[in-house]
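Number of protein chains: 4
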Amino acid sequence: MKKNRVEAFSDGVIAIIITIMVLELKVPHGNQLHDLKSLLPIALSYVLSFVNVGLYWNNHHHLFQAVEKINGKVLWANTHLLFWLSLMPFSTAWMGENDFTKWPVILYGFILMMSGIAYFILVRTLLPIHQKDTALAKAIGNDFKGKFSVIVYSVAVIIGYWSVTIALILYVVVAATWLIPDKRIEEVI
Amino acid sequence: MKKNRVEAFSDGVIAIIITIMVLELKVPHGNQLHDLKSLLPIALSYVLSFVNVGLYWNNHHHLFQAVEKINGKVLWANTHLLFWLSLMPFSTAWMGENDFTKWPVILYGFILMMSGIAYFILVRTLLPIHQKDTALAKAIGNDFKGKFSVIVYSVAVIIGYWSVTIALILYVVVAATWLIPDKRIEEVI
Amino acid sequence: MKKNRVEAFSDGVIAIIITIMVLELKVPHGNQLHDLKSLLPIALSYVLSFVNVGLYWNNHHHLFQAVEKINGKVLWANTHLLFWLSLMPFSTAWMGENDFTKWPVILYGFILMMSGIAYFILVRTLLPIHQKDTALAKAIGNDFKGKFSVIVYSVAVIIGYWSVTIALILYVVVAATWLIPDKRIEEVI
Amino acid sequence: MKKNRVEAFSDGVIAIIITIMVLELKVPHGNQLHDLKSLLPIALSYVLSFVNVGLYWNNHHHLFQAVEKINGKVLWANTHLLFWLSLMPFSTAWMGENDFTKWPVILYGFILMMSGIAYFILVRTLLPIHQKDTALAKAIGNDFKGKFSVIVYSVAVIIGYWSVTIALILYVVVAATWLIPDKRIEEVI
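Chains as they are written, first to last, in this note's numbering: chain A, 172 to 360; chain B, 172 to 360; chain C, 172 to 360; chain D, 172 to 360.
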């Protein structure tokens with residue numbers, strides 16, 4: 172089975188997710204500069220999510236560059252990833268509209284954690300159908316970053332119950348570690 | 172006529188349908204965990220529809236892998252399928268917001284049934300323009316699953332008048348039979 | 172310049188237009204069958220627009236099958252067409268929510284007429300960069316249908332001032348003449 | 172790394188941005204011609220933004236025609252551009268709903284300026300990975316238009332504090348200079 176339509180469908184869904192999040196930035200009633208102030212937490216929440224969804228697209232792009240073939244299981248592992256990402260606009264809006272309070276911040280981290288797990292499953296579904304000497308197998312290696320992200324997110328979700336600030340810092344830390352493009356795949360390809 | 176733009180357009184429309192459904196998950200006013208509770212039926216309704224629309228994309232993908240050529244009739248059979256799928260966000264929201272009560276559940280099944288019929292028509296429009304020994308003809312066979320789904324949906328829609336629970340179980344049963352990827356096409360290709 | 176990205180961008184925009192129209196079908200408050208009744212004019216308006224936008228995608232698809240090259244002018248003629256099509260969700264909603272009363276019906280026809288003119292301009296921009304013996308030139312011929320549509324829409328918009336019914340019938344008539352796929356291009360290619 | 176998925180993702184995001192802006196054209200309550208009057212500033216704001224986003228797609232299209240390869244940095248420079256463009260629906264709506272008053276007009280120009288800077292950065296990220304004799308390097312030249320746009324937008328944003336009219340005229344002037352397709356790239360390719 173060819174990979175091009177999976178890429179196209181994922182591009183479509185991720186493009187929509189990243190763009191409809193901005194619809195939560197509701198136009199303020201006033202026309203003064205300070206009317207934008209109340210939007211600040213929502214805007215910050217949006218920037219964080221834009222970077223995170225952008226990261227997933229980037230990693231998906233890098234990953235599928237190395238993919239040689241897919242099967243029915245891969246289609247579902249991919250749809251499963253898109254499901255969790257599709258909940259990002261909701262958790263982004265809830266967190267932004269509630270000024271980064273406890274439960275919205277925890278839910279936000281939970282969605283990120285589930286997305287991380289779904290990405291991990293996608294990678295694990297792709298590996299068995301690729302030989303050990305393929306670009307994909309070499310590029311993924313032991314997938315340290317993937318495991319690291321899921322673990323940090325789990326920790327952040329628990330810590331969030333006591334400290335929202337630490338949870339948010341951990342979300343930013345994981346995003347930062349991914350902003351460095353995946354050298355492994357780029358080198359191999 | 173080439174099939175690539177029909178695939179691209181269908182990918183686009185289905186990607187949008189599957190993603191805008193989540194807009195119905197309106198952000199709750201409170202910021203506590205129990206504020207999410209009232210969203211539970213809408214979230215469940217969303218999960219069911221995400222799986223169903225995901226299934227249609229999956230099957231569409233499998234089907235068009237085997238397609239060798241199309242014509243004007245196929246374009247319209249495909250647009251007809253997209254029409255019924257485009258009503259999914261509406262029926263999903265109505266069912267979720269009304270806690271799975273009678274008429275919304277019946278309408279939901281009706282839209283699924285019409286989508287099933289539209290998919291069936293699409294397949295029947297593709298068959299005459301493909302030889303009997305092509306991958307498509309071999310892969311489709313007697314299309315047991317397609318006929319089965321439409322019949323179960325029709326039954327569910329009628330039963331829904333007396334028992335919402337049985338109707339919902341039937342919707343889940345059909346989805347479950349499709350979650351197993353279409354071995355027929357995968358084997359032939 | 173290659174045509175594939177113009178196709179992809181147009182597919183994207185048209186897919187979004189055809190899908191967001193359904194967002195106007197607002198979920199009714201009640202959960203009874205008769206609660207759907209008040210949605211009937213909006214639903215009818217949606218069906219008419221779904222067919223019309225579907226037609227434009229279909230014709231665009233047929234047209235670009237025959238296109239061999241494009242230039243900067245074609246890009247803008249195409250964007251101009253997408254502009255008028257992008258107003259379809261607005262005119263569809265205004266017409267549906269006002270039960271097909273005079274001015275909304277006239278505006279609806281005006282947007283259709285402008286889309287028709289924009290399509291006509293797009294065709295005229297493509298012709299000079301294609302030789303007389305190319306598939307495109309042969310396929311377009313004297314473009315009777317294109318001219319016919321624009322004229323009927325203009326007439327319908329004027330008549331709409333006195334009779335909404337006749338205007339609506341004319342909209343349906345034009346759509347019906349296009350539902351027959353463009354044999355000219357299909358035969359040549 | 173191949174460029175086709177960056178094109179596809181950008182096409183998707185830009186297609187959504189250009190189309191969801193129209194959702195701000197809220198259907199008026201009345202059904203008379205004069206009920207449309209109050210929508211006039213929003214409609215004008217929409218037209219200006221449609222042209223501007225259309226321009227970015229056009230330029231992106233021209234630019235990537237000449238691109239031969241990309242890397243991780245290009246992916247992020249491109250995502251950065253999409254971020255600023257994604258704020259266009261917000262600034263368009265704020266400006267339209269407030270009848271082109273001071274702060275909304277200034278914000279609108281600010282988003283345009285940041286988009287211009289992001290486009291400039293994208294071009295600068297592409298140049299080092301292309302040889303001096305490639306189509307891209309020849310086509311870009313000293314990129315007069317790009318620098319000119321950013322400078323005029325900065326001036327317009329400052330002037331906007333005293334004169335909204337001059338700021339708006341400058342926005343239109345920049346758009347007009349871009350409406351002429353980029354001859355440089357078209358000639359080289």
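Yeah, the Cβ is synthetic: ideal placement off N, Cα and C, and Gly gets one too. All figures in this text were calculated on a predicted structure; none of them were measured in a lab.
Output needed for residue i: all residues of its chain with C-beta closer than 6 Å, excluding positions within five of it in sequence on either side, in chain order.
| i | result |
| --- | --- |
| A308/D | H301 |
| Y279/D | S262 and M266 |
| P260/A | I191 and M192 |
8 Å is my cut-off, CB to CB: does residue i come that close to chain D?
| i | result |
| --- | --- |
| E239/C | no |
| I360/C | Residue confidence for I360/C is low, a pLDDT of 48 falling below 50, so the modelled location carries little weight; the figure read from the coordinates is stated next. No, no contact with chain D. |
| T250/C | yes |
| H301/A | no |
| P199/C | no |
Name the two residues that bound the continuous alpha helix (DSSP H) containing residue i.
| i | result |
| --- | --- |
| W333/D | Run containing W333/D: none; DSSP gives neither H nor E here. |
| H251/D | G243 to S257 |
| K309/D | A306 to I311 |
| N230/D | L211 to A237 |
| E195/B | Element bounds for E195/B: n/a, residue is neither H nor E. |
Does the beta carbon of residue i sit closer than 8 Å to a beta carbon anywhere in chain A?
| i | result |
| --- | --- |
| R176/D | yes |
| N229/D | no |
| G317/D | no |
| F387/D | Residue 387/D is absent from the structure shown; chain D starts at 172 and stops at 360. |
| W255/D | no |
| D182/B | yes |
| F261/D | yes |
| T305/B | no |
Quick one: does residue i have its CB under 8 Å from some CB of chain C?
| i | result |
| --- | --- |
| I288/B | no |
| I213/D | no |
| L219/B | no |
| A338/B | no |
| L258/B | yes |
Leaving aside the five residues before and after residue i along the sequence, list all residues of the same chain whose C-beta is less than 7 Å from its C-beta, in chain order.
| i | result |
| --- | --- |
| S325/B | M284 |
| W255/D | I282, M285, S286 and A289 |
| G331/B | K273, V276, I277, G280 and A338 |
| A214/C | L196 |
| N175/B | none |
| V222/C | A346 |
| A327/B | G280, A338, L341 and Y342 |
| K244/D | T296 |
Does the CB of residue i have a neighbour CB from chain B at under 8 Å?
| i | result |
| --- | --- |
| V224/A | no |
| D270/C | no |
| I311/C | no |
| A327/A | no |
Mapping DSSP to helix, strand and coil, what is residue i?
| i | result |
| --- | --- |
| H200/D | coil |
| I288/D | helix |
| F281/C | helix |
| T263/A | helix |
| T296/C | helix |
| F271/D | coil |
| I360/D | Residue confidence is low: I360/D scores 48 on pLDDT, short of 50, so the model does not pin down where it sits. No coordinate-derived value is stated. |
| H205/D | helix |
| K316/C | helix |
Using a threshold of 8 Å, state whether the C-beta atoms of residue i and residue j are closer than that.
| i | j | result |
| --- | --- | --- |
| L194/D | I188/C | no |
| A346/A | L226/A | yes |
| I241/C | V184/C | no |
| I311/B | V294/B | yes |
| A186/A | F235/D | no |
| H231/C | L246/B | no |
| V335/A | F271/A | yes |
Give me, in chain order, the residues of the same chain whose beta-carbon lies closer than 8 Å to that of residue i; leave out the 5 immediate sequence neighbours on both sides.
| i | result |
| --- | --- |
| Y217/C | M192, V193, E195, L196, T263 and G267 |
| D206/C | P199 and H200 |
| T348/B | K316, F319 and S320 |
Residue i CB to nearest chain E CB: under 8 Å?
| i | result |
| --- | --- |
| V335/B | No chain E is present in this structure, whose protein chains are A, B, C and D. |
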